[in-house]
Amino acid sequence: MAFQENNRVLLDPTDIAIIEAMQENGRIAISELGRRVGLSQPAASERVKRLEDRGIITGYSARIDPAALGIGMTAVLRLRTTHEHIKPCLKQFAEMPQVMEVLRLTGEDCFLLKVLVPSPGELETIVDTIARFGAVTTSLVLRGENPKPIGRALLQRV
1 MAFQENNRVL
11 LDPTDIAIIE
21 AMQENGRIAI
31 SELGRRVGLS
41 QPAASERVKR
51 LEDRGIITGY
61 SARIDPAALG
71 IGMTAVLRLR
81 TTHEHIKPCL
91 KQFAEMPQVM
101 EVLRLTGEDC
111 FLLKVLVPSP
121 GELETIVDTI
131 ARFGAVTTSL
141 VLRGENPKPI
151 GRALLQRV
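Numbering (UniProt numbering), first residue to last: 1 to 158.
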């Protein structure tokens with residue numbers, strides 16, 4: 001069961017097994033999850049609820065292939081701006097449906113954005129919109145690898 005010690009979340013082997021199984025298949029039936037990790041259905045359900053309550057499991061979602069929807073271009077944009085533009089930038093990014101991910105950075109660049117667009121023309125419009133806040137560097141993604149789940153080796157180091 002997860003608990004905290006000195007602001008560190010500690011997970012037992014069963015919690016780790018639950019997290020791994022649910023990252024592999026977020027739609028797994030609780031009964032199947034219980035079988036996989038060696039718990040009864042009610043015990044597995046309680047463990048999942050505790051992980052949710054602690055904010056370790058934060059939600060469930062489907063993985064969508066943007067190319068199958070005709071949104072086949074992925075770009076990474078870096079923005080170098082000034083401190084006074086941080087909040088307006090965040091507001092602008094939130095209003096742009098093409099911006100899939102926003103990372104606020106230290107160093108020379110202030111933001112790194114992952115953007116999905118159907119065409120170079122739409123990418124140009126996005127770059128022009130963001131460029132009013134500072135210098136933009138754009139890179140096209142040739143291929144994205146599947147995101148790596150948080151695995152046992154990392155969880156055991158926490």
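Note that beta-carbon positions come from the ideal geometry of N, C-alpha and C, so glycine has one too.
Query, Result
"Residues near proline 118 by beta carbon distance below 6 Å, same chain, minus five either side", "Gly70 and Ile71"
"Identity of the residues DSSP links to lysine 114 by a beta bridge", "Val76 and Glu101"
"Where the alpha helix (DSSP H) containing serine 61 begins and where it ends", "Premise fails: serine 61 is in no alpha helix (DSSP H) and is neither H nor E."
"Close beta carbons around aspartate 65, own chain, < 8 Å, minus the five adjacent residues each side", "none"
"Length of the line joining the Cα atoms of alanine 135 and leucine 90", "16 Å"
"Glutamine 98 burial status per 10 Å Cβ neighbour count (16 or more: buried)", "buried"
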